[in-house]
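**Student:**
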Amino acid sequence: MHRFANPARFLRMANAAFPWLAALSALSLGAGLYFALAASPADYQQGESVRIMYIHVPSAWMGMFCYSALAMFSATSLIWKHPLADLLGRATAPVGAVFTLLCLVTGSLWGKPMWGTWWAWDARLTSMLILFFLYLGYMALSNAFDDPTRGYRSAAILALVGFVNVPVIKWSVDWWNTLHQPASVMKLGGPAIDPTMLLPLLLMAVGFQLYYFVILILRARAEIAEAKIRTIRMAQVQAAGQGEQ
Amino acid sequence: MALFSMGGYGGYVWPSYVLALVLMVGLLAVSVYGARHAEKELARLQKLRTDRRGRDHLSGESAE
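For the record, the sequence lines run as chains X and E.
When the letters of the first sequence are read in order and numbered with the numbering used here, they come out as residues 1 to 245.
When the letters of the second sequence are read in order and numbered with the numbering used here, they come out as residues 1001 to 1064.
(1) Grouping DSSP H, G and I as helix and E and B as strand, with all else coil, what is aspartate 147 of chain X?
(2) With DSSP collapsed to three states, give me the class of glycine 241 of chain X.
(3) Between the C-alpha atoms of isoleucine 215 of chain X and glycine 96 of chain X, what's the straight-line distance to the nearest angstrom?
(4) With 16 other CB atoms within 10 Å as the buried threshold, where does arginine 3 of chain X fall?
(5) Just tell me which of X/Ser49, X/Met139 and X/Asp122 has its CA closest to the CA of glycine 1010 of chain E.
(6) How many Å lie between alanine 26 of chain X and tryptophan 119 of chain X at the Cα?
(7) Buried or exposed: which applies to arginine 51 of chain X, given that a residue is buried once 16 or more other Cβ atoms fall within 10 Å of its Cβ?
(8) Is the CB of threonine 106 of chain X under 7 Å away from at least one CB in chain E?
(9) How many Å lie between leucine 78 of chain X and serine 28 of chain X at the Cα?
(10) To the nearest angstrom, how far is it from the Cα of methionine 1 of chain X to the Cα of tryptophan 80 of chain X?
(11) Which partner residues of arginine 43 of chain X appear in the DSSP bridge assignment?
(12) If we ignore side chains and look at the alpha-carbon of each, how far apart do serine 37 of chain X and serine 172 of chain X end up?
(13) Run through chain E and tell me which residues come within less than 8 Å of serine 49 of chain X, C-beta to C-beta.
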């Protein structure tokens, strides 16, 4: 972990990995889209609408993954005061929010033809909506203060408190009677989904995951540069203040 | 075309994929712009600082 503590070293490693991550992400998404839209069967019950699954499920997984990463960065920041942890958390939140929003909207687009409704206040949907609001709250809090470190602390605490929502989302379809179907992939006994559908699902999931790393690196670069800009500007203000005295 | 109509579900399937494309490409574009803009600004400020230090040094004064 301490290898990443130095922002300069982190940037060097991130920039070296970046083109590979971008290329692999594009490849995986391209192959995933091909199989999702053209080279996989329709569902015997849901017909072609099952193809929404190849966007909806990977974005749900990413929404939860990003929040878990956010909670980890927040804990690292609060406990060890790791210098990069705040920045990586701030870089992660928008990606998680985008994926969660995508999951919610594609879920509605899938629910309308299949369930007859755009929305239901069942446990899975409601807890995912709460997840989206937690992301928005995190982003608002971390930007709310003039002093960035105060914002980071408040946001990190929110992220950790909200983490209880992640296992609730996962187990919601088991704990409550939900409209949303139970787990078909990540369950004891292995996936219940046909291999011809599992392939595009996993390709899209891998593509989304690599996409996250691409965006994370880009946003981390911006955060690190902005932190350095703030340091330079602070020094200029202090020097100007001393000059006047 | 069968691909477009998606067995009658086209009105639900295609907006899902288009939204995914729009959101993910949009986030990528914003993030690329943010990184480039911040790093350019940082380079500009750092160059200003080294120029100023160089000038002050030549004239015999200290910068801070």
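Cβ atoms here follow ideal geometry from the backbone N, Cα and C, with glycine treated the same way.
**Tutor:** Let me lay it out:
(1) coil
(2) helix
(3) Note on geometry: alpha-carbon atoms of isoleucine 215 of chain X and glycine 96 of chain X lie some 11 Å from one another.
(4) A caution first: arginine 3 of chain X carries a pLDDT of 49, below 50, which makes its placement in the model unreliable, though a value can still be read off. Looking at its Cβ environment, which holds fewer than 16 other Cβ atoms inside 10 Å, arginine 3 of chain X is exposed.
(5) X/Ser49
(6) Using only the alpha carbons, I get a separation of about 32 Å.
(7) buried
(8) yes
(9) 36 Å
(10) Residue placement at methionine 1 of chain X is poorly supported in this model, since its pLDDT is 46, which falls under 50; the coordinates still yield a value, given next. Whole-angstrom Cα-Cα distance: 11 Å.
(11) The sequence given here has aspartate at residue 43 of chain X, not arginine. Beta-bridge pairing links aspartate 43 of chain X to X/Gly47.
(12) Rather than serine, the amino acid found at residue 37 of chain X in this sequence is leucine. Looking at the two C-alpha atoms, the distance is approximately 30 Å.
(13) Met1006, Gly1007, Tyr1009, Tyr1012 and Val1013
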